[in-house]
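Working notes for the structure below.
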Amino acid sequence: MDGLRELTYLEAVREAMSQEMRENEDVFILGEDIGVYGGAFGVTRGMIEEFGPERIRNTPISEAAISGTAVGAALTGMRPILELQFSDFITIAMDNMVNQAAKIRYMYGGKGKVPMVLRTPAGSGTGAAAQHSQSLEAWMAHVPGLKVVQPSTAYDAKGLLKAAIDDDNPVIFYEHKLCYKTKSDVPEEQYSIPLGKANIKREGRDVTIVATAIMVHKALEAAEELEKSGISVEIIDPRTLVPLDTETIIGSVKKTSRLVVVHEAVKRGGFGGEIASIIAESEAFDYLDAPIKRLGGKAVPIPYNPDLEKAAVPGVDDIVLAVKEVLNRS
Amino acid sequence: MAKEIFMPKLSSTMEVGTLLQWFKNEGDSVEVGDPLFEIMTDKINIEVESYEEGILLKKYFAEEDEIPINHVIGYIGEAGEHIPEAPPGESVAAVQDILSDSRQPAMHDLEEIEISETTTINETGDTGNENSQSEKIRATPAARRVAKEHNIVLSEVPGTGPKGRIHQKDVGDFLQSAPKATPLAKKVAGAERIDLHTINGSGPQGKIYRADVEKMRQPSTASETGGRRMKMEGIRKVVAERMLQSKTTAPHVTLTTEVDMSEAIHLRKQLLGTIEKQTGFRLSYTEIVLKAVAACLKRHRNLNVSLEGNEIIFHEEINLGIAVAVENGLLVPVVKEADQKGLSDLTAECKRLGTAARNSNLKPQEMSGGTFTISNLGMYAIDAFTPVINQPESAILGVGRINEKPVGRNGAIELRPMMVLSLSFDHRVIDGAPAAAFLTNLKEVLEQPFKLLV
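Chains as they are written, first to last, in my numbering: chain A, 33 to 362; chain B, 56 to 509.
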């Protein structure tokens with residue numbers, strides 16, 4: 033049972049759900065086309081055969097209905113996982129998530145709770161155009177009462193999803209579409225990665241990059257490139273935006289004196305602003321030796337044209353350049 | 056109003072200072088930066104410069120007086136100003152200064168006062184450059200933090216970042232390079248276009264006074280002929296300072312004697328194989344001399360001494376330093392308790408220490424605690440020399456080459472392998488007769504090494 037194998041991120045998400053559903057009768061999944069079709073990206077493929085249509089529930093095409101059902105089920109003691117085909121459609125589920133799921137436990141003084149997970153693929157890179165490619169995690173991170181998770185690797189995805197299911201509060205679980213095919217070593221047995229614990233994906237001395245989701249991979253590539261010029265990059269993946277592991281980020285910036293934040297979401301109003309502000313307010317301020325640099329998506333709807341689509345979000349070259357800039361070496 | 060002159064607190068442990076000499080008399084006019092008086096603290100001697108200009112109105116203390124820190128020593132002001140007849144005690148200004156800086160009272164020293172002085176001058180004095188002064192300084196938070204920690208005025212630091220932004224590294228570089236100088240010294244150096252870096256400051260931590268700058272103004276032959284210049288630093292500087300101190304504080308006397316080394320050569324030949332088998336190293340004359348010196352010092356305790364303050368310390372241990380030439384200087388690793396060790400151990404240890412010295416691998420404890428030093432130039436064509444005492448030790452033995460010389464023996468002239476020993480000693484601590492007795496004993500032991508067994 034304790035062997036490591038290489039799994040894709042997609043398989044890791046599926047395994048986390050299947051293992052939990054075998055253990056816990058209260059857990060079920062609901063969403064559009066998640067049954068025989070296996071979901072928009074195939075995450076739940078094969079699950080209906082094992083768990084049956086009662087626990088892998090196909091729903092009408094209504095994110096409002098899916099989220100409303102999930103909130104209700106959670107209040108009655110179930111632990112639903114709902115899948116939204118594209119995170120862009122969270123707008124339709126927003127009232128249930130923001131005004132109900134996030135508030136009920138608080139408003140009823142803890143007499144009820146909403147243990148649910150909203151899983152949804154986000155991000156660009158698949159040619160899915162403006163309505164199917166956004167990264168809207170900053171919206172959800174803004175709402176007290178919701179937890180927000182953004183795993184970047186298969187290993188993190190499995191462990192964080194277990195923690196999300198176990199959590200008694202609503203958790204928004206963002207899966208990046210381009211991460212689905214990435215692979216990493218994943219233990220066979222169930223394990224949990226605590227929400228609010230960042231991961232240092234690479235240790236370095238000269239500059240800290242805080243990156244999320246697919247940008248973790250791009251930052252790692254940039255770090256390889258920068259190493260050739262003798263620049264040592266530390267990469268921190270917060271893994272969860274809410275709660276946020278500020279201690280690890282502040283500690284790293286104190287060490288390196290320089291910070292680059294990179295996410296795919298539009299820079300304006302993006303979560304990078306939050307991280308930059310935390311550093312500016314923290315004890316790390318006195319250690320900053322260059323202005324903080326944020327990299328984020330351009331303030332445009334994601335274009336359909338593949339070249340423009342790539343140009344709309346930060347790439348490896350942009351990260352390399354930003355790092356050199358904060359080191360006065362551009 | 057007359058300005059107080061008070062005893063500065065020059066270190067965190069300083070309680071009182073001794074007034075060594077006044078450079079000005081009452082009624083003399085004083086400029087900012089002029090040396091006023093010299094004091095001695097528990098650590099250093101220092102000339103104190105004036106921060107005010109005017110007339111020296113009053114001197115409350117005479118030379119050799121001990122004065123508590125912050126107590127008023129005198130007044131500078133305009134002629135005819137009223138000042139107290141008796142010493143007013145603690146300076147009000149100095150105490151207030153400390154109170155306002157209660158954050159780090161121990162740090163309140165002369166340097167800090169001078170830095171604030173520098174700031175004042177920057178703000179008011181430099182009218183030609185007002186624009187850059189009034190503009191806010193671009194510096195990163197890290198640069199500001201480090202500058203604050205080291206009391207650096209950021210406006211003096213050149214920034215290498217975009218638009219002249221000062222980064223942490225710039226402050227670090229400035230800290231490394233910036234010579235400490237009094238405002239007046241800076242002004243004079245600026246007017247004379249003398250680079251402060253080229254001036255050797257005579258103050259604490261190389262601080263540059265006006266006198267140092269003026270010394271540079273006089274043309275020296277060295278600067279006219281050009282030639283390669285090397286900054287005195289690291290081990291070179293340490294050697295220079297220590298040699299100068301030894302030569303200027305210890306009255307050196309050097310005794311020489313010639314030793315017939317026939318028996319020592321014989322002894323070495325007989326032991327060479329045995330010791331090489333045991334240690335892997337070849338026994339050399341250094342170790343034989345070392346062994347003999349250790350044995351003789353044991354009998355002549357009055358050469359194994361140090362002078363500390365006004366006390367002579369007679370050392371229990373016999374720890375022998377060996378001078379080793381290294382690149383750009385000289386190191387003296389120490390063989391501890393040499394009298395307790397046989398030739399085999401001494402050979403192994405000397406070789407190891409010599410290698411470590413040349414590879415800069417000596418640990419601090421391997422260079423300290425010496426009680427007597429041996430300097431061997433026998434590998435060169437040197438017969439005798441006058442070694443400089445390695446303080447705080449009080450004597451050093453110079454070893455020359457072994458050279459065949461005609462010697463009178465039993466009414467005939469014979470060629471014998473002779474070696475000169477040169478013993479320098481500090482005549483403050485050691486007199487000629489005991490030094491001569493020691494050297495005679497050493498000669499006997501080397502000429503008849505079986506005496507080592509006695």
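Backbone N, C-alpha and C define an ideal beta-carbon position, used for all residues, glycine too.
Quick one: residues in its chain with C-beta nearer than 7 Å to the C-beta of residue i, no 5 flanking neighbours on either side, listed in chain order?
| i | result |
| --- | --- |
| A:G191 | Y223, S224, I225 |
| B:G245 | none |
| B:M422 | L386, V387, P388, V389 |
| A:P335 | E341, A344 |
| B:S399 | I330, Q333, T334 |
| A:P333 | A162 |
Short check: CB of residue i to CB of residue j, under 7 Å?
| i | j | result |
| --- | --- | --- |
| A:I268 | A:I282 | no |
| A:L193 | A:A48 | yes |
| A:G144 | A:L107 | yes |
| A:D120 | A:Q163 | yes |
| A:E64 | A:I88 | no |
| A:S289 | A:D321 | yes |
| B:Y115 | B:G129 | yes |
| A:E327 | A:A354 | One detail in the question is off: residue 327 of chain A reads as Leu in this sequence, not Glu. In this structure, A:A354 lies closer than 7 Å to A:L327 by Cβ. |
| B:G433 | B:V462 | no |
| B:K64 | B:I122 | no |
| B:A393 | B:L362 | no |
| B:V268 | B:V243 | yes |
| A:G84 | A:R77 | no |
| A:D217 | A:L36 | yes |
| B:E342 | B:P504 | no |
| B:R291 | B:N414 | no |
| B:V484 | B:V360 | yes |
Considering only residues of the same chain and omitting the five flanking positions on each side of residue i, which have a CB-CB separation below 6 Å?
| i | result |
| --- | --- |
| A:G305 | none |
| A:V149 | I113, A196, I197, V203, F205 |
| B:A202 | L209, V226 |
| B:K498 | T312, V314 |
| B:E136 | A57 |
| B:N177 | Any reading at B:N177 must be qualified, since the residue scores a pLDDT of 37, below 50, and its modelled position is unreliable; the value itself is stated next. Nothing meets the Cβ criterion. |
| B:H482 | P306, V308 |
| B:D89 | S105 |
| A:I232 | I268 |
Can you name, in chain order, every residue of its own chain whose Cβ lies under 8 Å from the Cβ of residue i, other than the five neighbours on each side?
| i | result |
| --- | --- |
| B:A490 | V308, L310, L358, A450, L478, F480 |
| A:G109 | D58 |
| B:H355 | P489, A492, F493, N496 |
| A:G347 | K250 |
| A:A173 | V180, L273, V274, F303, E306 |
| A:P338 | G159 |
Could you spell out where the alpha helix (DSSP H) holding residue i opens and where it closes?
| i | result |
| --- | --- |
| B:I131 | Not the alpha helix (DSSP H): B:I131 falls in the beta strand (DSSP E), residues 127 to 132. |
| B:L327 | 317 to 334 |
| A:G104 | 95 to 107 |
| B:I290 | 289 to 304 |
| A:F83 | 79 to 83 |
| B:A436 | No alpha helix (DSSP H) contains B:A436, which DSSP labels as neither H nor E. |
| B:S399 | 398 to 413 |
| A:T280 | 278 to 288 |
| A:M49 | 41 to 55 |
| B:F493 | 487 to 502 |
Assuming residue i and residue j are in contact, meaning their beta carbons sit under 8 Å apart, how far apart are those beta carbons, in whole angstroms?
| i | j | result |
| --- | --- | --- |
| A:A133 | A:V146 | 5 Å |
| B:L75 | B:M95 | 5 Å |
| B:A347 | B:T428 | So it is not a contact: roughly 15 Å between Cβ atoms. |
| B:P442 | B:S430 | 5 Å |
| A:I246 | A:C211 | 6 Å |
| A:V68 | A:R46 | That belief does not hold up - the Cβ atoms of A:V68 and A:R46 are roughly 15 Å apart, past 8 Å. |
| A:L62 | A:K215 | Their Cβ separation, rounded to whole angstroms, is 28 Å, which puts A:L62 and A:K215 out of contact at 8 Å. |
Just curious, the beta strand (DSSP E) that residue i is in, first and last residue?
| i | result |
| --- | --- |
| B:M473 | 467 to 481 |
| A:K209 | Here A:K209 belongs to no beta strand (DSSP E), and DSSP marks it neither H nor E. |
| A:N231 | 231 to 234 |
| B:E121 | 121 to 123 |
| A:R237 | Unbroken run through A:R237: none, as it is neither H nor E. |
| A:E266 | 265 to 269 |
Between the region 197 to 209 of chain A and the region 250 to 269 of chain A, do three or more beta carbon pairs fall short of 8 Å?
At 8 Å Cβ cutoff, the stretches do not touch.
How about the region 291 to 307 of chain A and the region 236 to 243 of chain A: do they share at least three Cβ pairs that are nearer than 8 Å?
Yes, the region 291 to 307 of chain A is in contact with the region 236 to 243 of chain A.
Is the region 298 to 308 of chain B in contact with the region 364 to 378 of chain B, if contact means three or more CB pairs nearer than 8 Å?
Under the Cβ criterion (8 Å, minimum of three pairs), the region 298 to 308 of chain B does not count as touching the region 364 to 378 of chain B.
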